[in-house]
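J.: If you read the protein sequences in the order shown, they are chains A and B. So the first sequence is numbered by my numbering: it starts at 1 and just counts up by one. So the second sequence is numbered by my numbering: it starts at 1 and just counts up by one. Virtual Cβ for every residue (Gly too), placed ideally from N, Cα, C. None of the values given here were measured: they were computed from a predicted structure. Structure incoming, see below.
2 protein chains.
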Amino acid sequence: MMNIMPWTDEHKERTRERIVQAAAAAVRARGVDGVSIAEIMAEAGLTHGGFYAHFGSKGDLLRAALDAANGQTLDMLSAATQSLSAEQRIDAVVDTYLSPKHAAHPERGCPLAALGPELARAPSDVRHALARGIERRVAWLETFLRGTEHDEKDATALLACMVGGLVLARAVDPAQSTAVLDATRAFVRRGLDANPQKRATARTRSKSTRRRRKGRTA
Amino acid sequence: MMNIMPWTDEHKERTRERIVQAAAAAVRARGVDGVSIAEIMAEAGLTHGGFYAHFGSKGDLLRAALDAANGQTLDMLSAATQSLSAEQRIDAVVDTYLSPKHAAHPERGCPLAALGPELARAPSDVRHALARGIERRVAWLETFLRGTEHDEKDATALLACMVGGLVLARAVDPAQSTAVLDATRAFVRRGLDANPQKRATARTRSKSTRRRRKGRTA
DNA sequence: TTGACAATATGATGCTCATCATATTGTGTC
DNA sequence: GACACAATATGATGAGCATCATATTGTCAA
Chain A
1 MMNIMPWTDE
11 HKERTRERIV
21 QAAAAAVRAR
31 GVDGVSIAEI
41 MAEAGLTHGG
51 FYAHFGSKGD
61 LLRAALDAAN
71 GQTLDMLSAA
81 TQSLSAEQRI
91 DAVVDTYLSP
101 KHAAHPERGC
111 PLAALGPELA
121 RAPSDVRHAL
131 ARGIERRVAW
141 LETFLRGTEH
151 DEKDATALLA
161 CMVGGLVLAR
171 AVDPAQSTAV
181 LDATRAFVRR
191 GLDANPQKRA
201 TARTRSKSTR
211 RRRKGRTA
Chain B
1 MMNIMPWTDE
11 HKERTRERIV
21 QAAAAAVRAR
31 GVDGVSIAEI
41 MAEAGLTHGG
51 FYAHFGSKGD
61 LLRAALDAAN
71 GQTLDMLSAA
81 TQSLSAEQRI
91 DAVVDTYLSP
101 KHAAHPERGC
111 PLAALGPELA
121 RAPSDVRHAL
131 ARGIERRVAW
141 LETFLRGTEH
151 DEKDATALLA
161 CMVGGLVLAR
171 AVDPAQSTAV
181 LDATRAFVRR
191 GLDANPQKRA
201 TARTRSKSTR
211 RRRKGRTA
């Protein structure tokens with residue numbers, strides 16, 4: 001019985017991960033239907049044949065790739081908030097998400113902004129992977145808003161507006177892309193600051209509240 | 001020379017329009033790659049063969065369909081603002097765009113929300129059709145904001161946030177869809193109301209400004 | 001009615017792709 | 001070094017699709 005082990009346990013796992021990463025990037029860059037299994041495997045340094053030793057179908061890979069992409073996006077936003085106060089973090093998240101860099105690199109960015117509509121039409125298991133990722137992101141945003149002057153309940157709307165800003169920035173003429181990002185960034189911040197509980201205190205110290213932030217563009 | 005004309009001039013034009021309408025709906029419902037020319041023709045009551053008598057390629061049809069879809073969306077939003085004061089119209093636009101009905105019917109709704117990311121990756125002529133439609137929509141929104149207490153410069157961000165809200169509402173678990181719409185709607189309104197020029201006057205009559213709107217959900 | 005041609009239909013063609021079947025290769029154990 | 005098998009490669013298969021070529025059909029002027 002005793003399974004003899006000609007290959008390291010980690011080898012296959014590593015290869016699988018390489019495929020997932022290649023898929024996560026390719027799919028965000030060129031779309032689910034814009035990329036073939038053979039292309040993904042090639043980008044992972046393999047040929048198409050071995051694919052079904054790792055995944056049961058293209059959909060299975062897609063789900064794994066979505067989870068990876070969502071994780072990457074959380075990491076990206078997390079990294080931007082290192083060593084900042086709770087109040088500053090929200091601005092940093094908005095700045096990073098709505099940055100020209102993010103707009104220019106969908107292959108390393110938010111899968112919701114890169115693939116949202118087409119995944120919303122996908123089979124339910126793929127849809128679920130997306131929905132789960134969104135819930136995770138909203139929960140993550142809530143932790144930032146909680147305990148600040150902002151309203152924790154704005155997390156969902158905040159995500160929505162950021163996604164929309166990025167989608168729009170990528171859809172318009174490239175020359176107008178940064179203008180879209182800037183406009184959305186300003187609007188979102190204003191909305192966050194104008195939440196009812198904050199507004200009460202804001203009236204007493206309106207100027208200082210508005211001056212707090214800088215021109216970060218990540 | 002004198003072209004004899006066995007068919008009415010309008011006949012072909014009518015047929016073409018039927019194809020465009022079928023394509024505009026199909027593409028928004030199932031995606032650009034999710035629908036074939038044969039399917040579109042069938043939905044227009046024709047067979048696939050005649051297609052190239054009307055369009056040079058699938059891309060040509062797509063451009064026409066995009067223009068049509070954008071027009072439809074403008075009409076939908078326009079219709080919702082009939083006989084309303086300038087101040088009320090912005091709320092009506094937001095309510096209509098972020099309505100459960102719009103979320104449930106991408107095939108008759110905003111092409112940017114239904115196809116934005118995949119069109120952003122499309123060949124430049126298709127991209128341009130999308131970008132042109134966006135500019136038209138932003139300009140249209142500006143006319144509503146102009147001459148009210150709102151800031152005309154918020155038009156771009158307003159569109160972005162509405163698009164994001166719709167994309168997110170369609171991506172999450174259907175049970176949470178309306179919650180996403182509600183949250184985004186509230187946030188967007190708050191942001192619009194909090195524009196600097198309005199804020200100055202708002203301080204004097206803060207209560208009445210906030211009470212003005214109703215629970216319309218279209 | 002019939003001719004002539006536009007509008008539409010039927011029927012290829014060649015490509016891409018997901019998936020499957022089979023062959024090859026690389027690894028650790030004996 | 002040779003074995004046994006996992007990991008990967010090579011090579012089908014069959015379906016779907018955009019596009020093209022050719023055949024029908026419907027309309028109006030005469």
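Looking at chain A, is there any beta carbon in it that lies within less than 9 Å of the beta carbon of T73 of chain B?
T.: Position 73 of the second sequence, counted from the first residue, corresponds to residue 73 of chain B. Not one chain A Cβ lies under 9 Å of T73 of chain B.
J.: Residues in its own chain within less than 6 Å of F144 of chain B by CB, not counting five upstream and five downstream?
T.: Here residue 144 of chain B corresponds to residue number 144 of the second sequence, with the count starting at 1. Closer than 6 Å at the Cβ level, and outside the excluded window around F144 of chain B, lie R89, I90.
J.: Roughly how many angstroms lie between the CA atoms of M76 of chain A and R137 of chain A, to the nearest whole one?
T.: Along the first sequence, read from residue 1 onward, the residue named residue 76 of chain A stands at position 76. Along the first sequence, read from residue 1 onward, the residue named residue 137 of chain A stands at position 137. Cα-Cα distance, rounded: 12 Å.
J.: Counting only C-beta atoms, is I37 of chain A closer than 9 Å to chain B at any point?
T.: For the purposes of this step, residue 37 of chain A is taken as the residue at position 37 of the first sequence. No, because no Cβ of chain B sits closer than 9 Å to the Cβ of I37 of chain A.
J.: Is the Cβ-Cβ distance between H54 of chain A and T15 of chain A less than 9 Å?
T.: Here residue 54 of chain A corresponds to residue number 54 of the first sequence, with the count starting at 1. Here residue 15 of chain A corresponds to residue number 15 of the first sequence, with the count starting at 1. Yes, the pair counts as a contact, with Cβ atoms nearer than the cut-off.
J.: How about R121 of chain A: is its C-beta nearer than 9 Å to some C-beta of chain B?
T.: Walking along the first sequence from the start, residue 121 of chain A turns up at place 121. It does: the Cβ of R121 of chain A has a partner Cβ on chain B nearer than 9 Å.
J.: Could you tell me which chain A residues have their CB closer than 8 Å to the CB of K153 of chain B, listed as they occur along the chain?
T.: Looking up residue 153 of chain B in the second sequence gives position 153. Correct list: A183.
J.: Look at the alpha carbon of P106 of chain B and the alpha carbon of S83 of chain A, and state the distance between them as a whole number of angstroms.
T.: In the second sequence, residue 106 of chain B corresponds to position 106, counting from 1. In the first sequence, residue 83 of chain A corresponds to position 83, counting from 1. Computed Cα separation, rounded: 42 Å.
J.: Let's see if you can read the secondary structure: which residues bound the alpha helix (DSSP H) around D125 of chain B?
T.: Against the second sequence, residue 125 of chain B aligns to sequence position 125. D125 of chain B -> alpha helix (DSSP H) spans 124-145.
J.: With a CB to CB cut of under 8 Å and the five nearest residues on each side skipped, what residues in its chain are close to R185 of chain A?
T.: One-based indexing of the first sequence puts residue 185 of chain A at position 185. Closer than 8 Å at Cβ, skipping near neighbours: V94, D95, L98, G165.
J.: Given that I134 of chain B touches chain A, what residues does it touch there, using C-beta distances under 8 Å?
T.: Along the second sequence, read from residue 1 onward, the residue named residue 134 of chain B stands at position 134. L168, A171, V172, listed in chain order.
J.: Can you confirm whether T156 of chain B, when its beta carbon is compared against all beta carbons of chain A, has any partner nearer than 9 Å?
T.: Counted from its first residue, the second sequence places residue 156 of chain B at position 156. Yes, T156 of chain B counts as interfacial toward chain A.
J.: Would you check if the distance between the CB atom of L74 of chain B and the CB atom of V20 of chain B is smaller than 9 Å?
T.: As a first step, residue 74 of chain B must be located in the second sequence, where it is residue number 74. As a first step, residue 20 of chain B must be located in the second sequence, where it is residue number 20. Going by C-beta atoms, L74 of chain B is not nearer than 9 Å to V20 of chain B.
J.: Taking the alpha-carbon positions, what's the K12 of chain A to G50 of chain A distance?
T.: The residue labelled residue 12 of chain A in the question sits at position 12 within the first sequence. The residue labelled residue 50 of chain A in the question sits at position 50 within the first sequence. Roughly 11 Å separates the two Cα atoms.
J.: Are any of the Cβ atoms in chain B nearer than 9 Å to that of T217 of chain A?
T.: In the first sequence, counting from the first residue as 1, residue 217 of chain A sits at position 217. Reliability of the predicted coordinates at T217 of chain A is poor, the pLDDT of 40 falling under 50, and the value obtained from them is presented with this limitation in mind. It does not; no Cβ of chain B falls within 9 Å.
J.: Does the distance from the C-beta atom of V256 of chain B to that of G109 of chain A stay below 9 Å?
T.: With chain B running from 1 to 218 in the structure shown, residue 256 of chain B is simply not present.
J.: In terms of residues, what are the limits of the alpha helix (DSSP H) holding Q72 of chain B?
T.: Locating residue 72 of chain B in the second sequence gives position 72, counting from the first residue. Run containing Q72 of chain B: 58-79, per the alpha helix (DSSP H) assignment.
J.: In three-state DSSP terms, what is T217 of chain B?
T.: Against the second sequence, residue 217 of chain B aligns to sequence position 217. Per-residue confidence for T217 of chain B stands at a pLDDT of 40, beneath the threshold of 50, marking its modelled position as unreliable; the derived number appears in the next sentence. Coil at T217 of chain B, not helix or strand.
J.: Less than 8 Å between C-beta atoms, sequence neighbours within five positions excluded: which residues of the same chain meet that for P123 of chain A?
T.: Indexing the first sequence from 1 puts residue 123 of chain A at position 123. For P123 of chain A, where only same-chain residues beyond five positions count, the Cβ hits under 8 Å are G59.
J.: Closest Cβ-Cβ distance between F187 of chain A and chain B: below 9 Å?
T.: For the purposes of this step, residue 187 of chain A is taken as the residue at position 187 of the first sequence. By this cut-off, F187 of chain A is an interface position.
J.: Can you give, in chain order, each stretch of the alpha helix (DSSP H) that sits fully within the region 145-199 of chain A and has at least 4 residues?
T.: Here the runs fully enclosed are 155-171, 177-193.
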